[in-house]
């Protein structure tokens, strides 16, 4: 199947959007989608390398780098984005980290590192973004990338799944709290998506990448795994200023694997 259209439009013309974790995979596709919609995009990565540079060259985005392992760093990134673009209209909190392992073997310090990066860091980033959007006085869009595992859980991924479930709850709360100000908060919970992470999964399982795709597709009613551009299309949809009444929701982009549970 051909990728979704990324033909230029103007729905976000004059807007500034920040995408975290934009050096590849989902974040790179989100950057491309928002740029195609007319936004000035600030693409974040932990460090400036070839992957981020490729995204910047392909999309015309402006690069920002920061290690987001602390809440203060997350707040600083928002301030950096405003300094670079002059304003912030759309925040896509896409960054995440994870570890896997049996519960009884989990190192509490590592468990909390994942939770702090994914949940507390995103909270701090949103907190700073809301301050900026309030000062601008024109509302804004905050889009949080959760995960299918935050909906259904996953064995040996307790910190990651718990943090992603927390993001879904955070979005519900903030949707209620911020909508009266025109700051619209929603989430996306992707299922299995064709990104470089699947190469890691295939190597760990000792099987070819194509077989890995087939294994994951077995439990998906659509019959295949998702693509990064499909998640990006959902991001562009939620960023569209014409969409005003979708508040505190989680869009599940997973081919039907969770049967719309949230």
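Numbering (the numbering used here), first residue to last: 7 to 268.
For each residue, glycine too, the CB sits at the ideal point set by N, CA and C.
Please read all numbers here as calculations on a predicted model, not as lab measurements.
Closest Cα partner of residue 110 within the set 164, 156, 120: 164
Since residue 196 is in the beta strand (DSSP E), which residue starts that stretch and which ends it? 189-196
By DSSP's criteria, residue 73 is part of a beta bridge. Which residues make up the other side? Paired residue(s): none; residue 73 is not in a bridge.
Nearest to residue 96 by alpha carbon, out of 114, 55, 40? 40
How about the region 217-225 and the region 124-143: do they share at least three Cβ pairs that are nearer than 8 angstroms? no
Write down the C-beta distance between residue 202 and residue 232 rounded to the nearest angstrom, noting that I regard them as a contact closer than 8 angstroms. Not confirmed; about 14 angstroms, so no contact.
Out of curiosity, what's the CA-to-CA distance linking residue 89 and residue 54? 18 angstroms
When the Cα atoms are used, what is the spatial distance from residue 264 to residue 152? 14 angstroms
Does the distance from the C-beta atom of residue 18 to that of residue 43 stay below 8 angstroms? yes
Rounded to a whole number of angstroms, what is the C-alpha to C-alpha distance between residue 242 and residue 166? 25 angstroms
Should residue 59 and residue 238 be called a contact, given that it needs their Cβ atoms to be closer than 8 angstroms? no
Between 68, 180, 218, which lies nearest to residue 26 when the distance is taken from Cα to Cα? 68
Considering only residues of the same chain and omitting the five flanking positions on each side of residue 262, which have a CB-CB separation below 8 angstroms? 226, 227, 228
Beta-carbon separation of residue 23 and residue 245 under 8 angstroms? yes
Alpha carbon to alpha carbon, what distance is there between residue 80 and residue 119? 14 angstroms
Short of 8 angstroms in beta carbon distance, which residues of its chain neighbour residue 154, apart from the five on each side in sequence? Order them along the chain. 195, 196, 197, 198, 258, 260, 263, 264
When we look at the beta-carbon of residue 177 and count the other beta-carbons within 10 Å, is it buried (16 or more) or exposed? buried
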